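Asker: Numbering (the UniProt record's numbering), first residue to last: 1 to 348.
No residue lacks a Cβ here, since even glycine has one placed at the ideal position from N, Cα and C.
Remember, predicted model here, so these are calculated numbers, not experimental data.
Put into structure tokens, the structure is as follows:
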């Protein structure tokens with residue numbers, strides 16, 4: 001078993017293993033497990049071995065990451081349990097957000113443990129303590145609270161469907177764009193998933209350890225996310241978070257070329273990497289007035305936005321962009337995409 005510890009005491013440890021017996025030992029010490037129906041069904045053979053527990057099971061999906069879900073859980077906790085309890089979160093990013101937020105505010109804070117069941121949650125949302133619920137827009141109300149520890153089981157990939165794996169690899173690509181793109185090509189050739197998982201965790205931990213409360217360098221982890229949230233919140237787009245982030249990264253690359261001298265050959269290598277991992281998503285995005293409204297409501301916006309751009313590949317920075325300029329860039333980016341699509345059709 002690989003153990004990764006943060007240097008700061010306020011942050012938690014990661015236990016990376018493929019041993020599900022440890023999963024049972026952890027779970028048997030806790031009284032409340034919060035999960036969703038999909039996880040409960042997919043992991044039923046493991047869950048049925050857990051003793052002396054109470055389950056709170058929710059439907060799946062982003063729609064349930066709201067204040068009404070929190071009220072249901074808070075009422076349950078107030079009725080049955082005190083501050084000495086610990087909660088166990090088993091699930092993906094939505095469950096992770098809900099449990100993290102609940103534990104950060106209930107009785108001014110209670111302990112919890114995370115067992116993420118998607119690749120995206122393992123390497124992204126479970127690490128760093130961020131949690132949030134949706135209120136008018138995505139992730140508008142939230143806190144930062146770390147679990148006691150996070151249990152990462154790399155054999156989880158055998159339980160995941162292809163789309164969930166792609167969502168996770170979208171974030172992995174982001175980490176290596178921030179750190180070392182060559183290493184990702186190397187790992188792809190040998191495809192050692194354990195090494196990919198450990199390396200991705202190290203990259204995020206290194207950044208968070210320098211800036212836990214997101215005052216400076218941690219913001220680079222938002223690479224691709226501003227545009228991604230606009231895509232996700234647009235009802236006419238049925239695109240997952242990971243794929244939306246990839247589109248957001250492509251948009252950031254496009255904007256970066258207007259502000260900095262970026263090596264175009266390296267940009268083409270990155271775009272080729274998306275093809276290697278079979279991400280054919282750029283033509284799926286649809287543009288609407290609703291996207292503009294979401295940009296205006298985005299929590300990171302005022303009259304200006306600190307947008308994450310590439311100074312060079314593997315080196316990102318915050319760039320202050322006026323909102324009106326960003327909207328023009330988004331429209332321009334969309335028009336280029338449409339024109340390319342039409343040109344491709346006419347050439348066939």
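Hey, quick one: how far does the beta strand (DSSP E) through residue 262 stretch, first residue to last?
Answerer: Careful: residue 262 lies outside any beta strand (DSSP E) and carries neither H nor E.
Asker: What is the C-beta distance between residue 243 and residue 132, in whole angstroms, given that I count them as a contact (C-beta under 8 Å)?
Answerer: Contact between residue 243 and residue 132 does not hold, since their C-beta atoms are separated by about 20 Å, which reaches or exceeds 8 Å.
Asker: Suppose contacts are defined by Cβ-Cβ distances below 8 Å. Is residue 316 in contact with residue 220 by that definition?
Answerer: Against a cut-off of 8 Å, the Cβ pair of residue 220 and residue 316 comes out as a contact.
Asker: Let me confirm a value: residue 155 is counted as buried when at least 16 other C-beta atoms fall within 10 Å, else exposed. Which label applies?
Answerer: exposed
Asker: Please list the terminal residues of the continuous alpha helix (DSSP H) segment that includes residue 349.
Answerer: With the chain represented from 1 up to 348, any question about residue 349 goes unanswered, as that position is not in the structure.
Asker: Rounded to the nearest angstrom, how far is the Cβ of residue 112 from that of residue 94, given a contact under 8 Å?
Answerer: About 15 Å separates the two Cβ atoms, so there is no contact after all.
Asker: Per the contact definition of three or more C-beta pairs closer than 8 Å, is the segment 115 to 122 in contact with the segment 62 to 69?
Answerer: no
Asker: With 16 as the cutoff for other CB atoms within 10 Å, does residue 210 come out buried or exposed?
Answerer: With fewer than 16 other Cβ atoms within 10 Å, it is exposed.
Asker: So, with DSSP's three-state summary, where would you put residue 214?
Answerer: coil
Asker: How would you call residue 125, buried or exposed, if buried means at least 16 neighbouring beta carbons within 10 angstroms?
Answerer: buried
Asker: According to DSSP, what are the bridge partners of residue 36?
Answerer: 58
Asker: Spatial neighbours of residue 163 within its chain, please: CB distance less than 7 Å, with the 5 preceding and 5 following residues excluded, ordered by chain position.
Answerer: 240
Asker: Taking the CB atoms as reference points, tell me whether residue 304 and residue 323 lie closer together than 8 Å.
Answerer: Contact flag set, yes.
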